[in-house]
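Numbered by numbering that gives the first Met the number 0, the letters in the sequence shown go through residues 0 to 130 in order.
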Amino acid sequence: MAQIQELNVYMIPEFEGKLLVLKRKNGLWEFPGGGVDWGEKPEQSASRELREETGLSAIEPKFICVSSATYKTPGGDGKHSVYLVYKCTVSGSNVILCEEHDEFRWMFPREIKYLKLGLNAEEAMELLEEK
């Protein structure tokens with residue numbers, strides 16, 4: 000069994016008091032995000048992932064917290080996934096989804112906890128509520 004460690008980012012966009020969540024094809028909801036490319040600063044990665052996954056541009060991104068989870072992959076490997084979580088505002092709510100997701104919602108933070116969230120998204124939401 001291999002042990003894999005990865006560094007990822009989330010960008011939580013806010014528009015008119017609502018946060019954007021995306022639904023993956025596996026049915027779990029998450030925030031726009033993904034891996035940090037070699038040599039890329041995490042904040043740049045978060046802004047890039049937001050643009051790639053939604054067509055939105057981040058305005059004044061701010062670091063919020065670190066989310067970390069361990070789990071087993073379908074192949075049986077152990078995975079340690081660390082997410083640096085950022086929050087930003089966006090100038091509009093017109094989302095253009097990429098092929099990774101099949102649905103999006105703008106929701107008030109108190110509503111998001113009722114969705115079936117991915118492991119890191121759930122922890123990020125809990126940490127965000129504590130702030």
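All C-beta atoms in this analysis are idealised placements derived from N, C-alpha and C, irrespective of residue type, glycine included.
Can you name the start and end residues of the beta strand (DSSP E) that residue i belongs to?
i      : result
Ile3   : 2-14
Leu19  : 17-23
Gly34  : 32-34
Gly74  : Per DSSP, Gly74 belongs to no beta strand (DSSP E) and is neither H nor E.
Trp105 : 100-106
Which residues mark the beginning and the end of the alpha helix (DSSP H) in which residue i is found?
i     : result
Ala57 : Here Ala57 belongs to no alpha helix (DSSP H), and DSSP marks it neither H nor E.
Glu51 : 41-53
Would DSSP call residue i helix, strand or coil?
i      : result
Ile95  : coil
Leu114 : coil
Leu127 : helix
Considering only the alpha carbon of each residue, which of the options lies closest to residue i?
i      : options                     : result
Tyr9   : Tyr85, Gly91, His100, Glu15 : Tyr85
Val20  : Phe14, Gly38, Pro31         : Pro31
Glu102 : Ser44, Arg23, Gln43, Val89  : Arg23
Ile63  : Trp105, Cys87, Thr69        : Cys87
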